[in-house]
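The next block holds one structure in the form of structure tokens; read it before the comments.
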Amino acid sequence: MSIRFEKVNYIYQQATPFEHQALYDITLTIPTGSYTAIVGHTGSGKSTLLQHLNGLLKPVSGRIIIGDQEITSLTKNKELGTLRKHVGVVFQFPEAQLFEETVLKDIAFAPKNFGSSEQEALETARQMAKLVDLPEYVFNKSPFELSGGQMRRVAIAGVLAMKPEVLVLDEPTAGLDPKGRIEIMDMFQNLKIQQHLTIILVTHQMDDVARYADNVIVLEKGHLLANNFPEKIFSDSKWLQEHHLALPQATRFAKELQKRADSFNFSKVPLTEEELAIQLIQRINEVKQNDE
Amino acid sequence: MNKIILGRYIPGKSFLHRLDPRSKLVLSFLFILIIFFANNWRTYILLGIFTFFCILLSKISLGFFLKGVRPLIWLILFTVVLQIFFTRGGPTYWQFGPLSITHFGLVNGGYVFCRFVLIIFMSTLLTLTTSPLEIADALENLMLPLKKFKVPVYEISLMISIALRFVPTLMDETEKIMNAQRARGVNFGEGGLIKQLKAIVPLLIPLFVGAFNRAEDLATAMEARGYRGGEGRTKYRFHAWHKNDTLSCIIFGLLAAILLFLRSW
Ligand SMILES: Nc1ncnc2c1ncn2[C@@H]1O[C@H](COP(=O)(O)OP(=O)(O)OP(=O)(O)O)[C@@H](O)[C@H]1O
Ligand SMILES: [Mg+2]
Numbered sequence: 001m002s003i004r005f006e007k008v009n010y011i012y013q014q015a016t017p018f019e020h021q022a023l024y025d026i027t028l029t030i031p032t033g034s035y036t037a038i039v040g041h042t043g044s045g046k047s048t049l050l051q052h053l054n055g056l057l058k059p060v061s062g063r064i065i066i067g068d069q070e071i072t073s074l075t076k077n078k079e080l081g082t083l084r085k086h087v088g089v090v091f092q093f094p095e096a097q098l099f100e101e102t103v104l105k106d107i108a109f110a111p112k113n114f115g116s117s118e119q120e121a122l123e124t125a126r127q128m129a130k131l132v133d134l135p136e137y138v139f140n141k142s143p144f145e146l147s148g149g150q151m152r153r154v155a156i157a158g159v160l161a162m163k164p165e166v167l168v169l170d171e172p173t174a175g176l177d178p179k180g181r182i183e184i185m186d187m188f189q190n191l192k193i194q195q196h197l198t199i200i201l202v203t204h205q206m207d208d209v210a211r212y213a214d215n216v217i218v219l220e221k222g223h224l225l226a227n228n229f230p231e232k233i234f235s236d237s238k239w240l241q242e243h244h245l246a247l248p249q250a251t252r253f254a255k256e257l258q259k260r261a262d263s264f265n266f267s268k269v270p271l272t273e274e275e276l277a278i279q280l281i282q283r284i285n286e287v288k289q290n291d292e
Numbered sequence: 001m002n003k004i005i006l007g008r009y010i011p012g013k014s015f016l017h018r019l020d021p022r023s024k025l026v027l028s029f030l031f032i033l034i035i036f037f038a039n040n041w042r043t044y045i046l047l048g049i050f051t052f053f054c055i056l057l058s059k060i061s062l063g064f065f066l067k068g069v070r071p072l073i074w075l076i077l078f079t080v081v082l083q084i085f086f087t088r089g090g091p092t093y094w095q096f097g098p099l100s101i102t103h104f105g106l107v108n109g110g111y112v113f114c115r116f117v118l119i120i121f122m123s124t125l126l127t128l129t130t131s132p133l134e135i136a137d138a139l140e141n142l143m144l145p146l147k148k149f150k151v152p153v154y155e156i157s158l159m160i161s162i163a164l165r166f167v168p169t170l171m172d173e174t175e176k177i178m179n180a181q182r183a184r185g186v187n188f189g190e191g192g193l194i195k196q197l198k199a200i201v202p203l204l205i206p207l208f209v210g211a212f213n214r215a216e217d218l219a220t221a222m223e224a225r226g227y228r229g230g231e232g233r234t235k236y237r238f239h240a241w242h243k244n245d246t247l248s249c250i251i252f253g254l255l256a257a258i259l260l261f262l263r264s265w
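Residue numbers (UniProt numbering), protein chains in the order written: chain U, 1 to 292; chain Z, 1 to 265.
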């Protein structure tokens with residue numbers, strides 16, 4: 001499902017003294033099957049943008065086209081049912097959505113709402129619980145007895161159980177330990193490859209952007225600042241600095257190295273540790289050959 | 001969620017915003033009391049003009065007050081209709097079994113409607129121009145004499161201010177959870193009664209769990225910072241009685257006097 005925003009404006013609490021415009025004239029395209037990262041400062045409108053993707057918020061003006069569904073300010077909630085099934089959203093701190101008696105029942109909640117039978121839904125729930133690496137012994141426990149990281153996994157499984165075509169993730173790893181973070185991010189990556197999902201990820205972790213994304217959207221105070229490949233975004237470190245955005249660690253290391261050794265030139269700016277290592281080895285081999 | 005206007009504070013610098021919360025609280029209460037003394041159209045017009053004047057003074061647009069009435073409109077209409085049908089006296093215009101529309105009924109219905117609107121406007125005015133914490137402070141201050149009778153004044157006022165403080169937080173939370181459950185296919189406010197009630201469970205449980213967790217965190221945080229009860233605690237905000245407060249009391253006294261005069265005119 002391709003996603004297109006055309007001149008989307010959004011205003012919170014319109015026509016009150018608390019009025020606050022959160023999105024200004026956003027026009028962008030998210031290609032089918034892409035892994036799109038949305039970055040920007042706190043309060044730049046990332047979560048607001050996300051909520052437009054399944055019609056939780058509707059644009060005040062402009063329109064959004066997702067697959068064959070159009071959303072404008074006039075779209076009725078009734079027309080959004082199928083869209084919500086196709087676009088799964090994992091919100092910031094999703095463990096706040098848990099409520100069922102057992103982990104499995106909670107994961108089965110969404111498929112049941114979208115018309116699966118009790119049996120089917122529980123079967124799906126079991127698969128999803130395994131997919132997110134929950135240990136078997138918690139399946140029939142109350143979700144409130146789990147650790148924070150486990151609760152996060154249950155909540156994510158609860159969204160995956162809808163089998164969405166587009167998966168929207170709002171800082172899915174905030175507050176998790178480094179190991180859990182990598183596990184969950186890798187799981188999303190595998191899902192994308194196996195099921196050809198379109199993934200849209202909001203994150204403050206530039207390393208995750210560099211490692212996984214193939215399309216980056218930069219927001220600033222509700223305006224679209226850039227929409228480009230990560231290589232392009234991270235190659236202009238001056239522009240990034242102007243907009244107070246960080247570089248991935250590997251890129252920062254490469255920049256630092258270049259500053260200290262003028263002769264050192266990278267053929268291509270490395271974004272991940274792997275790319276960095278490969279290029280360093282290349283250079284070392286070149287130097288060795290020259291010496292001989 | 002953003003439709004609820006009752007109990008909402010709009011910051012400003014108007015005359016009413018700067019009044020001492022204690023005088024605002026007491027005067028609003030007294031105003032609501034004297035509404036029940038109004039007994040003819042002259043008195044209602046007087047109170048109406050006074051209310052309108054106060055609204056102008058607050059520099060808040062009239063739309064906010066009308067929005068305050070909206071959630072209660074069915075209750076108001078219901079009461080008005082009851083009044084119209086069940087009050088007897090004067091010429092009868094229409095009759096059906098125990099129901100009748102009489103002259104007195106219509107007049108009483110009109111009065112009840114005015115009463116409701118005036119009360120809602122005035123209490124909306126109080127909450128729109130006074131921050132919740134100011135109201136709690138004022139309550140504490142006004143209740144202090146009750147300490148002699150062993151009423152736990154500090155505790156009560158702390159409870160009130162914490163409750164008021166967490167209203168917006170809980171509303172945000174409600175909206176977040178509703179969104180998360182909507183994304184999982186729940187339709188709030190659609191379908192039959194049973195279906196709607198069922199839809200509330202996935203909202204209420206996380207909300208309660210969150211509220212209890214927050215309460216526990218808050219208690220821990222307060223104890224960690226040395227809270228031991230209200231006795232002898234110093235305050236960040238001090239309220240002082242100004243000329244304007246005296247002026248307001250005098251104006252209100254005049255209003256009450258004119259009202260009593262018009263009542264028996
Ligand atoms: N319910 C709301 N009512 C009014 N204003 C809001 C509401 N939600 C968000 N805003 C405002 O809209 C702006 C964008 O908020 P948003 O939540 O989209 O930011 P964000 O980019 O997701 O930030 P973060 O990185 O902290 O999650 C902020 O200035 C915020 O204050
Ligand atoms: Mg956000």
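Quick reminder that beta carbons are idealized off the backbone N, C-alpha and C, glycines included. From a predicted model like this one, the values you see are computed outputs, not experimental measurements.
Taking only beta-carbon atoms, is residue i less than 8 angstroms away from chain Z?
i	result
residue 260 of chain U	no
residue 250 of chain U	no
residue 119 of chain U	no
residue 97 of chain U	yes
residue 113 of chain U	yes
residue 17 of chain U	yes
residue 51 of chain U	yes
residue 84 of chain U	yes
residue 146 of chain U	no
residue 22 of chain U	no
residue 134 of chain U	no
residue 218 of chain U	no
residue 296 of chain U	Since the displayed chain U opens at 1 and closes at 292, residue 296 of chain U lies outside it and no answer follows.
residue 140 of chain U	no
Do you know offhand how far residue i's Cα is from residue j's?
i	j	result
residue 121 of chain Z	residue 103 of chain U	48 angstroms
residue 207 of chain U	residue 230 of chain U	11 angstroms
residue 3 of chain Z	residue 63 of chain Z	Any reading at residue 3 of chain Z must be qualified, since the residue scores a pLDDT of 46, below 50, and its modelled position is unreliable; the value itself is stated next. Straight-line Cα distance between these residues: approximately 12 angstroms.
residue 19 of chain Z	residue 227 of chain Z	30 angstroms
residue 82 of chain Z	residue 104 of chain Z	13 angstroms
residue 272 of chain U	residue 248 of chain U	7 angstroms
residue 198 of chain Z	residue 259 of chain Z	51 angstroms
residue 59 of chain U	residue 26 of chain U	10 angstroms
residue 262 of chain U	residue 289 of chain U	20 angstroms
residue 189 of chain U	residue 29 of chain U	21 angstroms
residue 211 of chain Z	residue 182 of chain Z	21 angstroms
residue 152 of chain U	residue 241 of chain U	33 angstroms
residue 5 of chain Z	residue 204 of chain Z	Only weak support is given to the placement of residue 5 of chain Z: the predicted model assigns it a pLDDT of 46, under 50, and the value that follows is read from those uncertain coordinates. Using only the alpha carbons, I get a separation of about 22 angstroms.
residue 223 of chain U	residue 24 of chain U	5 angstroms
residue 86 of chain Z	residue 179 of chain Z	45 angstroms
residue 70 of chain Z	residue 88 of chain U	35 angstroms
residue 147 of chain Z	residue 153 of chain Z	6 angstroms
residue 219 of chain U	residue 248 of chain Z	50 angstroms
Closer than 8 angstroms, CB to CB, is residue i near chain U or not?
i	result
residue 266 of chain Z	Shown here, chain Z extends from 1 to 265; a query on residue 266 of chain Z therefore has no answer.
residue 68 of chain Z	no
residue 205 of chain Z	yes
residue 209 of chain Z	yes
residue 201 of chain Z	yes
residue 2 of chain Z	Below a pLDDT of 50, predicted positions are generally treated as unreliable, and residue 2 of chain Z, at 46, falls in that range; the measurement from the model is reported next regardless. Taking Cβ atoms only, chain U reaches closer than 8 angstroms to residue 2 of chain Z, which makes this a yes.
Give the secondary structure of residue i by DSSP, where H, G and I count as helix, E and B as strand, and everything else as coil.
i	result
residue 4 of chain U	strand
residue 223 of chain Z	helix
residue 108 of chain U	helix
residue 16 of chain U	coil
residue 183 of chain Z	helix
residue 24 of chain U	strand
residue 116 of chain U	coil
residue 96 of chain Z	strand
residue 69 of chain U	strand
Round the Cβ separation of residue i and residue j to the nearest angstrom and send it over; I've been treating them as touching at under 8 angstroms.
i	j	result
residue 85 of chain U	residue 162 of chain U	6 angstroms
residue 170 of chain U	residue 202 of chain U	5 angstroms
residue 159 of chain U	residue 146 of chain U	That belief does not hold up - the Cβ atoms of residue 159 of chain U and residue 146 of chain U are roughly 17 angstroms apart, past 8 angstroms.
Beta carbons nearer than 7 angstroms to chain U: which residues of the stretch 165–199 of chain Z have them? 176, 177, 179, 180, 181, 182, 183, 184, 185 and 186
For the stretch 6–40 of chain Z, which residues have a CB atom closer than 8 angstroms to at least one CB atom of chain U, in sequence order? 10
Give, in chain order, every residue of the stretch 191–215 of chain U whose Cβ lies closer than 8 angstroms to some Cβ of chain Z. none
Contact set between the stretch 155–176 of chain U and chain Z, restricted to residues whose Cβ is under 8 angstroms from the partner: 158, 159 and 162
Under 8 angstroms, CB to CB, which of the residues in the stretch 32–66 of chain U have a partner in chain Z? 51, 54 and 56
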